[in-house]
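Asks: This is the structure, below, for whatever I ask next.
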Amino acid sequence: MAGLVPAIHVFPAKSHEGVEARHKAGHDAGARSPRIHRDSFVPIDVYLNVAIGGVLTGLVYGLMALGLSVIFGVVRVVNFAHGEMMTMAMYAVITVFAALHLDPLVLLVPVALAMFAFGYLVQASIINPFITRPEHSQFLLLVAMATIIVNVLLIVFGPDAQNVQVSYAFDSYQIGKIIVDATKLYAGIAAIVVAGGLFAFFQYTSLGTAIRACADNYTGALVVGLDVKHLYALTFGLGTACVGAAGTILLLIFDVTPSAGPAYTLLAFVIVITGGLGSMPGALVGGVLIGLTEAMAGLLFTPSAKSMFSFAILVLVLLLRPQGIMGRRAA
Amino acid sequence: MKRNPYSTGGISRRTFSAGLGAAGLLAGTTPFNIVRAQGAPLKVGVLLPRSGYQAGIGQDCQRGVDVAGGLLKDLGYPALQVVNADTESSVDVARSRAEKLIGEGAQLLIGAFDSGQSSAIAQVAEQKGIPYVINIAAAPPITEQGYKFVFRNFPTAGMILSDAFANQKEVFAAAGASPKSVVFLVENDTFGVAMQKGISVVMPKFDMPYKVLDTISYDPTARDLSVEVAKAKATGAEALLVVSRLNDAILLTRELVKQRWSPQAILSMGPGWYEDQYLKTLGKLADGPLSFVPWYDPNKPLSKKLEEAIAKAHPGLNMNTNHVYTFEALLVAADAYKRAGSTDPKALADAVRTTNITNNVSPGPGIMFNAKGQNDKLKDSAIQNRGGKLVTVAPKQAANAKVEWPMKPYDKRA
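Chains as they are written, first to last, in the working numbering: chain A, 151 to 481; chain B, -1 to 412.
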């Protein structure tokens, strides 16, 4: 069967040869050519600072994309309201922060749980009837949901950028000449912890194994008596919990506006397609790659063209390895 | 047959009604019209972007409209009937709303913050022969078209840039210091690109004491400006020259703090750095940046009155460009109406053309228009953020404080 096989691949047992098309001779020649028109020399520590920042931001991007990958991998529905759901979580954090002054990292678990419940209900009540319908119906449904979310947020919170002012918002750690943004560091660590928890859930719990079974063989799962609809709803809930956690963490780094949702959806797509649709490690690898690429492109070329380079990576991956860096080719 | 008890002698109800109608007709003749115009308020259509991406600015301009009524009355000007219209931040909508306002009887138009929208309204106003006073719009071509009904009490882009560099030199002279090098951070939208081009043309004429080490353009919708600041810091520049907007100004400041870089000065040639939201969001970290912008003369008596009115209506809000120039547009309208004594569009336009208001708010000798309808006597100011407030440090005639130089390092702000 042509096309992608949606599935979750947890810690693949063997490496994929040829995955790193970037290692091929001349592949990155363009990116490495020094087309920098600058009078001044950029010290090495600036590259390191920017690279560390890019990797840490990329980890959070990866966590955000992980939710999309999980949902597609199991439910086979592409969540076109993914970024919008994340902005929902971000506004939830802002609201609670304004009322109770609770740190976003403290709110990580409650917000993830609330988003899990939201995702479960959405899947069980709205998306499940669309599972067997044509893809364009699913697409329209989720785009409609995305539009509704954006407009409701706009009505409730207004168009201005909002954020949370934590006590460590302006902190940074200095090691020699390396300066690491404290919020990015905490965000990156939190992203690793959440992603690790999710990997462990799918790998080591019976529920995780059941969900993976649904993803690998839908008919087989039905035959052995698994409640597939419930497992789909659980998976969608996990995906939205994931994006809720990512939104909570991301709020430490970025402001949020209602209109930010579509941009995050697009970013999540770029990441999961680059990393491999349906692959959990791929989502994290894709996130780090895109975060790092944007940061380094901004430094080496021009910051206003950062996004161009992440899309260039996407095009290259689609040309050279359509299933994504860590994706599994269709049987 | 009994006589009608309500009959008034030889005058029947029909005759009375006919007489009343005739009296009405007489009242409609020209001499009575003039008397009525003097008594009735002038119908002013105020076009602002009240929704869309410029909604915040449009709503801020509206604050200048809201306080104008009382102030104009105190100054002895006739009443204005303000009719609000929303351009929806769109050029096409601005054009259609202007037509609609004129169709509904607006006798003078005001607006519309944005150059594109103002150009569209100017075309309609000129075509219909209705006076139009621009509150805020800097694109020079608007008053270069030979329009007879279009007037602008706001500096053109060229005036803004020239004054910005002149005020920078005045600030450097007052401080007894100047940066030897700057890095130019500019957002890459229409405004930023236009400013970048303008700066490259105007700056050489002023023989500035600094060298521009690098120009870094960035996406104004960017979520993260850490790379931009890292790149700017790496140039080793002593100061920042910036053209930005509110959100990116906040992001840039955060990154300056996080990356432990306190430049000698931040010289802003656009919005963002002096806006209330910037001051509130960043608190003490907002202090220091210098903005070179169209502003107001804090020493003028009317400035103090407008400041009081704004403070009363919106406690905690600093008066700004949006309030000042929108209020002054209404001041021009009221003054013209008072002198014209008529709502006749041509008479109003002639009166606007001969405006000479010296009791005003903006810096410079006052409000007066040249043959093109431009107030070319306006001056821009250099303002500095100080303790959540804004002080004017140049030009000297319109200053109320001495510049604080260099900017206090971010890590030394308790």
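Think of the CB as a built atom: it goes at the ideal place given N, C-alpha and C, for glycine as much as any other residue.
For residue 22 of chain B, collect the residues of the same chain with a Cβ closer than 8 Å to its Cβ; drop the 5 residues on either side in sequence, then sort them by chain order.
Replies: Caution applies to residue 22 of chain B, whose pLDDT of 45 falls short of 50 and renders its modelled position unreliable; the value that the coordinates give is listed next. For residue 22 of chain B, where only same-chain residues beyond five positions count, there are no Cβ hits under 8 Å.
Asks: Applying a beta-carbon distance threshold of less than 9 Å, which residues of chain B neighbour residue 317 of chain A?
Replies: The premise fails here: residue 317 of chain A is roughly 13 Å from chain B at the closest Cβ pair, so nothing lies under 9 Å.
Asks: Report the CB separation of residue 272 of chain B from residue 241 of chain B in whole angstroms; it is logged as a contact under 8 Å.
Replies: 13 Å between Cβ atoms; not a contact.
Asks: Could you name the residues that DSSP lists as bridge partners for residue 266 of chain B?
Replies: B:240, B:289
Asks: Following the continuous alpha helix (DSSP H) through residue 400 of chain A, name the residue where it begins and the one where it ends.
Replies: 378 to 400
Asks: For a minimum of 4 consecutive residues, which ranges assigned as the alpha helix (DSSP H) are wholly contained in the segment 70 to 128 of chain B?
Replies: 89 to 101, 113 to 126
Asks: Cutting at 6 Å between CB atoms, please list the residues of its own chain near residue 437 of chain A, excluding the five before and the five after it.
Replies: Taking residue 437 of chain A as the centre and dropping the five residues before and after it, the same chain places the C-beta of 208, 211, 212, 215, 421 closer than 6 Å to its C-beta, in chain order.
Asks: Got a sec, what are the start and stop residues for the alpha helix (DSSP H) residue 471 of chain A sits in?
Replies: Unbroken run through residue 471 of chain A: none, as it is neither H nor E.
Asks: Bridge partners of residue 45 of chain B, per DSSP?
Replies: B:83, B:109
Asks: Taking the DSSP output, what are the residues bridged to residue 212 of chain B?
Replies: Note: residue 212 of chain B sits in a beta bridge opposite B:181.
Asks: Hey, how far is the Cα of residue 259 of chain A from the Cα of residue 311 of chain A?
Replies: 24 Å
Asks: For residue 186 of chain B, which residues in chain A fall below 8 Å Cβ to Cβ?
Replies: The contacting residues are 454.
Asks: CB-CB under 7 Å to residue 145 of chain B, same chain, minus the five flanking residues each way: which ones, in chain order?
Replies: 120, 124, 371
Asks: Is the beta carbon of residue 293 of chain B sitting closer than 9 Å to the one on residue 381 of chain B?
Replies: yes
Asks: Which two residues bound the contiguous beta strand (DSSP E) that contains residue 390 of chain B?
Replies: 387 to 392
Asks: May I ask you to report which of helix, strand or coil DSSP gives residue 199 of chain A?
Replies: Per DSSP, reduced to three states, the secondary structure at residue 199 of chain A is helical.
Asks: Spatial neighbours of residue 117 of chain B within its chain, please: C-beta separation below 6 Å, excluding the five flanking residues on both sides.
Replies: 140
Asks: Taking only the alpha-carbon atoms, compute the straight-line gap between residue 357 of chain B and residue 214 of chain B and give it to the nearest angstrom.
Replies: Going by the C-alpha atoms only, they are around 42 Å apart.
Asks: For the segment 434 to 454 of chain A, enumerate the residues whose C-beta is nearer than 9 Å to any C-beta of chain B, in chain order.
Replies: Close to chain B, meaning a Cβ-Cβ distance shorter than 9 Å, are the following residues of the segment 434 to 454 of chain A: 444, 445, 446, 447, 448, 449, 452, 453, 454.
Asks: For the candidate residues B:217, B:206, B:155, whose alpha-carbon lies nearest to that of residue 193 of chain B?
Replies: B:155
Asks: In this structure, how does DSSP classify residue 235 of chain B when only helix, strand and coil are distinguished?
Replies: coil
Asks: DSSP three-state label for residue 409 of chain B, please.
Replies: helix
Asks: With a cut-off of 9 Å, does the C-beta of residue 214 of chain B fall near any C-beta of chain A?
Replies: yes
Asks: When you compare each of B:218, B:234, B:349 to residue 181 of chain B by their alpha carbons, which one comes out closest?
Replies: B:234
Asks: Would you mind working out which of A:289, A:426, A:313 sits nearest residue 404 of chain A, comparing C-alpha positions?
Replies: A:313
Asks: State the Cα-Cα distance for the pair residue 431 of chain A and residue 299 of chain A, rounded to the nearest angstrom.
Replies: In a straight line, the C-alpha of residue 431 of chain A is about 29 Å away from that of residue 299 of chain A.
Asks: Is the CB-CB distance between residue 364 of chain B and residue 377 of chain B below 9 Å?
Replies: In this structure, residue 377 of chain B does not lie closer than 9 Å to residue 364 of chain B by Cβ.
Asks: Take residue 401 of chain A and list the residues in its own chain whose beta-carbon comes closer than 6 Å to its own, dropping the five residues that flank it on each side.
Replies: Within the same chain, Cβ atoms closer than 6 Å to the Cβ of residue 401 of chain A are found at 240, 243, 254, 314, the five residues on either side in sequence being excluded.
Asks: Under 9 Å, Cβ to Cβ, is there at least one residue of chain B near residue 404 of chain A?
Replies: yes
Asks: When you compare only the Cα positions, how much space is there between residue 408 of chain B and residue 232 of chain B?
Replies: Computed Cα separation, rounded: 18 Å.
Asks: Would residue 398 of chain A pass as an interface residue toward chain B - the criterion being a Cβ-Cβ separation below 9 Å?
Replies: no
Asks: Quick check on DSSP: helix, strand or coil for residue 395 of chain B?
Replies: helix
Asks: To the nearest angstrom, how far is it from the Cα of residue 395 of chain B to the Cα of residue 165 of chain B?
Replies: Residue 395 of chain B and residue 165 of chain B have their C-alpha atoms spaced approximately 12 Å apart.
Asks: Give me the chain A residues within the contact set of residue 171 of chain B, using Cβ-Cβ distance strictly less than 7 Å, ordered along the chain.
Replies: Per Cβ cutoff of 7 Å: no residues; residue 171 of chain B is ~28 Å from chain A at best.
Asks: Tell me the rounded alpha-carbon separation between residue 230 of chain B and residue 227 of chain A.
Replies: Spanning the alpha carbons of residue 230 of chain B and residue 227 of chain A requires a straight line of approximately 44 Å.
Asks: Are the segment 72 to 84 of chain B and the segment 98 to 108 of chain B touching by the rule of at least three beta carbon pairs closer than 8 Å?
Replies: yes
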